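Since the structure comes first, as C-alpha cells, the remarks are kept for the end.
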C-alpha cells in the first residue's frame, strides 16, 4: 500500500502516533481485519515489530483483538477513535488544570515564590527585559503587566489586533476601575466601533491614526509588538522593556498625540 508522506505526517501529528503506529493503523483501516503478517506486508513495517505495534494500537483504542486463532485485529472506526482521543485530552487537561490550581498555597509553591523573590531582588530593573515569541507568550506577559498596573495603562493598537488584545483587557476592566487605574486606548478602528467598545469597557478610547502596537504601564515599563498580527506563516514577536526612561519618553509622545 502506497501512503502519501503528507497523509502520514498529518496522521502522526493529529493522533499522536509514531511512524510505525501510523503505518500499521492505516494498513489495518484499509483491510478492516487482518493478522500481524498481513498488516506487515501491507504497511511495510517489519513483521517482528508489527506484533508490538498492534498491541500498542489496541491499548490506545485504535484496534480491537479478534477472538479466535490466528490472532487478528479489527480496525476501530476513525470517528470513534477521534471522539475517544478528544474526551481523553479534555479529561487530561481538566486534571492538569486542577493539579496546577491546587498547587497554590502548598509548601512547594511558597518555596518557588521565595526562590524567585530572592533571585529577582538583586537584579537591576533594566535587566528585566526580553524578547517574546508567539502570541500566547506575548499575551500572557501583557496580562501580567496589566494586572500589576498601579496608576495608568496606555494601550495603542491596530484594528486587526484589537480583538485579541481586548480578550486580555476585558476580564480585568472592573478591577482596574475599582482601584482607580486610568486606562487610555488608542486605535485606528471606526468611530462607531470605538463608541461601542468605550461603553462596554467603561474606558476612554480614541481614534488615532497610529500604525503601531504598544502598551505603557505606569510610565515605567513597555511592551511593543513588531508585527500587526501574525499571519499563518509569520510568528508574532514582542519586546518587553522595563525602563522608566524609555517608558516615560514614549508616554510623553503618546500624550502629545492624544491631546492633539
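Residue numbers (the working numbering): 1 to 260. C-beta: ideal position from N, C-alpha, C; glycine also. Owing to the predicted nature of the structure, the values given are computational and were not obtained by experimental measurement.
(request) Let me know the beta strand (DSSP E) ranges lying completely inside the stretch 162-238, each 3 residues or longer, listed in chain order. (result) 182-187, 204-207, 214-217 and 221-225
(message) residue 207 and residue 187 - do their beta-carbons sit closer together than 8 Å?
(response) yes
(message) Quick check: residue 220 and residue 249, are their CB atoms within less than 8 Å of each other?
(response) no
(message) Can you check which of these residues, 225, 189, 105 and 16, is closest to residue 62 by C-alpha distance?
(response) 16
(request) Assign residue 106 to one of three DSSP states: helix, strand, or coil. (result) coil
(request) Look at the alpha carbon of residue 222 and the alpha carbon of residue 56, and state the distance between them as a whole number of angstroms. (result) 51 Å
(request) With a threshold of 16 other CB atoms inside 10 Å of the CB of residue 97, please say whether the residue is buried or exposed. (result) exposed
(request) Inspect the beta-carbon positions of residue 35 and residue 59 and report whether they are closer than 8 Å. (result) no
(request) For residue 157, name the three-state secondary structure that DSSP assigns. (result) strand
(message) For the stretch 104-115 against the stretch 78-87, do three or more pairs of beta-carbon atoms, one drawn from each stretch, fall closer than 8 Å, so that the two count as touching?
(response) no
(message) Please state the DSSP three-state secondary structure of residue 76.
(response) coil
(request) Specify the secondary structure class of residue 3 as computed by DSSP and reduced to three states. (result) coil
(request) Classify residue 133 as helix, strand or coil using the three-state DSSP reduction. (result) strand
(message) Residues in the same chain with beta-carbon distance under 7 Å from residue 6, minus the five sequence neighbours each way, listed in chain order, please.
(response) none
(request) Figure out for me which residue from 22, 251 and 182 has the closest Cα to the Cα of residue 50. (result) 22
(message) Alpha carbons only, please: which of 83, 169, 141 and 78 is nearest the one belonging to residue 184?
(response) 169
(request) Enumerate in chain order the residues of its own chain whose CB-to-CB distance from residue 146 is below 7 Å, with the five nearest sequence positions on each side excluded. (result) 153, 168, 169 and 172
(message) Measuring alpha carbon to alpha carbon, tell me which residue in 174, 238, 115 and 191 is nearest residue 137.
(response) 238
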